[in-house]
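For the record, the sequence lines run as chains G and R. Under our numbering, the final residue of the first sequence carries the number 233; numbering is consecutive throughout. Under our numbering, the final residue of the second sequence carries the number 518; numbering is consecutive throughout.
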Amino acid sequence: MNPNDLTEVTLKYAMGWNEAIFQRCIIGAIGILVLLLVVRAFFRKNTGLVALLLWTLLGSVLLLFASVPESLVKLIISTEYMLRVRVAMGVVSAIVLLITFESVRRTRLQERYALLWVATALVILACVFFPNAVALFRAVMGMEYGTALATVALIFLAMVAFHFSISFSTMQSKQSKIAQRLATLEARLKEMEQTVQNGFKTDSDAASKSVSDTNSERS
Amino acid sequence: MSSSVSKSKVLIAVPAYNEAESISALFDEIAIACPDFPVLIIDDGSVDATVEIATKAGAKTLSLPCNLGVGGAVQAGFQYAFDHGYDYLIRCDADGQHPPSEIPKLIEAIEKTDADLIIGSRFLGEKSYTSTMVRYCGITGLALFLSMICRRRVTDPTSGFQIMNRAMLYFFANNYPTDYPEPEALALLRRHGYDFQEVAVQFRERSAGMSSIRSWGTLYYVLKVFFALLVGRARPANPVFAKKNVLERI
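In C-alpha cells:
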C-alpha cells in the first residue's frame, strides 16, 4: 500500500473515532482502571517490576486510544513511515532486552537460553539504527523496510524455537535415564529390605521356638 | 589460620567424563602424592569403563545417571563430601592436566591463610604452560575483569585445581553455576563474604581426550561468562548462604 493512501486512511479513521464517544469512554475507563491497579500494586510491592511496566504501557496505550488528542494524531501522521516503523521496532527490541535481562537476573531464565533472545533483540536494534542493513531483502524479495524487519525477526525466532526443540530433546533423554536409575535403585532397596526382613524373621522364629519349647515343657 | 589439613577429614574429588585411559595412572599418582586421602571419582555419565577401572583401583565412585557437565558433576561431589562430614575437599581433574604432585602446594597454602578457597594458577609463576594465542588472550581478559570484580588477584579464572574448606564446601554444594562454572563461582563466593587466593602450580598438557572448550568456542565462552558476570552483579546476595550466617550451621 502506498504510504500516502495510508495517511488518508489513518486520517479518516481518526475522524470516525472522534465521533464514537461511548466507545472512547469505555476504553478510557479501562485504561484508567489499569493504571490505578498498577499504582496500587506498586505500593503493595507484590508484583514484579516487569509486569508493572507492561501493565503501565497497556493502560497508557488504552488511555491514549480513548483520548485521541488531535496533536498526537497529526504528529503520527506527519512523521515519515520509515521513522514510525523504526521507532516502534526499537521500542519492541528494548522491551525484549529489558524482559530478558530481568528474567536472567531473577534466575527464572538461564543464561544459555537468554543469549539467543539478546542476539535477536540486538539484531533488530541494529536494523533499526542502520536501515540499509536489510537492503538485501529489498533487492531480492522486493520487500518494504517493515516487512524486511519482520522477516529478520521471524528468522531469529525460528532459531530460538529450534534451539528449544533441541534442548527439550536432550532433557527428555536425560529424564529417561534418571527415571530408569531411580526405578533400579528402588528395586535394589526393596530387595535389600526383603533380605533384612527375612533375616529378622529367621531370628524371631528361632527365638519363639525356644520360648514355646520351654512353655510346652512347663505345661 | 586453618587447622592442619593432615589431621582433618579430606577428600580428593575427581570429576571424570569418559577418561578410562587416564584414570588409572592418575589414581596411582594421587596414591604417591597423598596416600592418606580417600579419592572420589565423580562419573558424569561416562559410557566407557571409567567407573569399573576406578572401583578396581580402590576409589569411591559417584555415578551420575546422565551427563550434567563439569559444573553439575563437581557440585554433586561437593554435596557428597559435605554430607559425609569432610572438612576439606581437593578437586583434581581426570584429564591429566592437574598433576597430583602439586597438591601439597594447595594444602600448604590453605593452612597458611584465612582463605576459604585456594586455586592453583598456571599463570602465576613461570609461564611454562603453553596454549593457543586466542585462548591466552581470552583467559587474560577474563582474569583482569574478574580481578576487578572480586577485588582479588585472579590470573587463572578457569582453573579447576582447587582446595576448599567446609564452609566453602557447604556454599558450593548449594550454589554452583552450571556451564563453565569456575569464573562465575569466584564472583559469587566473593559476594557472599568468602575469600579465595591463588597459588602458583605447574600444569601438564592434556594426556588424553578432548578439551570441553574448543578453540573457536573461546569467544562464545568469554562472551557468555562476561554476560553472566554482569548479570550476577545485578543480583542481590542471598543472606542465607553468606559466610557469617553459615558458620553456625556446618
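In this text, a Cβ means the ideal position worked out from N, Cα and C, and glycines have one as well. Please read all numbers here as calculations on a predicted model, not as lab measurements.
- At a Cβ-Cβ threshold of 8 Å, V273 (chain R) and I378 (chain R) count as neighbours.
- Within its own chain, the residues whose Cβ lies closer than 6 Å to the Cβ of A441 (chain R), once the five positions on either side in sequence are excluded, are F346, Q347 and F350, listed in chain order.
- Here D311 (chain R) is bridged, per DSSP, to R:A284 and R:S331.
- Distance from the Cα of G461 (chain R) is smallest, within the candidate group R:V514, R:I518, R:R421 and R:K277, for R:V514.
- For R54 (chain G), the nearest beta carbon of chain R is not closer than 8 Å to its own beta carbon.
- DSSP assignment within the region 100–166 of chain G yields the following whole alpha helix (DSSP H) runs of 4 residues or more, N-terminal first: 125–143 and 149–155.
- Look at F115 (chain G): its C-beta is under 8 Å from a C-beta on chain R.
- The Cβ atoms of R474 (chain R) and G364 (chain R) lie closer than 8 Å to each other.
- When the beta-carbon positions are compared, T70 (chain G) and L97 (chain G) stay at least 8 Å from each other.
- In this structure L294 (chain R) is buried. Its beta-carbon is surrounded by 16 or more other beta-carbon atoms within 10 angstroms.
- With contacts defined by Cβ atoms closer than 8 Å, V307 (chain R) and I280 (chain R) form a contacting pair.
- Within chain G, the residues placing a beta-carbon under 7 Å from that of D447 (chain R) are R126, ordered along the chain.
- Residue contact with chain G for F495 (chain R): present (Cβ-Cβ distance below 8 Å to some residue of chain G).
- Excluding the 5 residues flanking it on each side, A325 (chain R) has same chain C-beta neighbours closer than 7 Å at S292 and F295, in chain order.
- Restricting attention to beta strand (DSSP E) runs no shorter than 3 residues, the region 401–471 of chain R encloses them at 430–433 and 464–468, ordered along the chain.
- Judged by their CB atoms, I321 (chain R) and A288 (chain R) are nearer to each other than the 8 Å cut-off.
- Selection R:I417, R:I298, R:K492 and R:A383 evaluated against R126 (chain G) yields R:K492 as nearest (Cα-Cα).
- V342 (chain R) has a beta carbon lying at 8 Å or more from every beta carbon in chain G.
- In the structure shown, the three-state DSSP call for I387 (chain R) is strand.
- The DSSP-derived three-state label of R503 (chain R) is coil.
- It is roughly 7 Å from the alpha-carbon of L374 (chain R) to the alpha-carbon of V467 (chain R).
- Pairwise C-beta distances place the region 490–505 of chain R in contact with the region 121–140 of chain G, as three or more of them are shorter than 8 Å.
- Rounded to the nearest whole angstrom, the C-alpha separation of D384 (chain R) and P445 (chain R) is 18 Å.
- Burial is judged here by how many other beta carbons sit within 10 angstroms of a residue's own beta carbon; I300 (chain R) has fewer than 16 and is exposed.
- For I358 (chain R), the three-state secondary structure derived from DSSP is strand.
- Residues of chain R with a Cβ closer than 8 Å to the Cβ of V118 (chain G) are, in chain order, V499.
- Contact between E450 (chain R) and S427 (chain R) is confirmed by a C-beta separation of about 7 Å, below the 8 Å threshold.
- Taking a beta-carbon distance threshold of 8 Å, L51 (chain G) does not count as an interface residue toward chain R.
- Between G388 (chain R) and E376 (chain R), the gap from beta carbon to beta carbon reaches 8 Å or more.
- Contact between F56 (chain G) and L66 (chain G) holds, since their C-beta atoms are separated by about 6 Å, short of 8 Å.
- Look at L497 (chain R) here: in three-state DSSP terms it is helix.
- Contact between the region 408–419 of chain R and the region 332–346 of chain R is absent: fewer than three C-beta pairs spanning the two stretches fall below 8 Å.
- When only Cα atoms are considered, Q465 (chain R) and K59 (chain G) end up about 41 Å apart.
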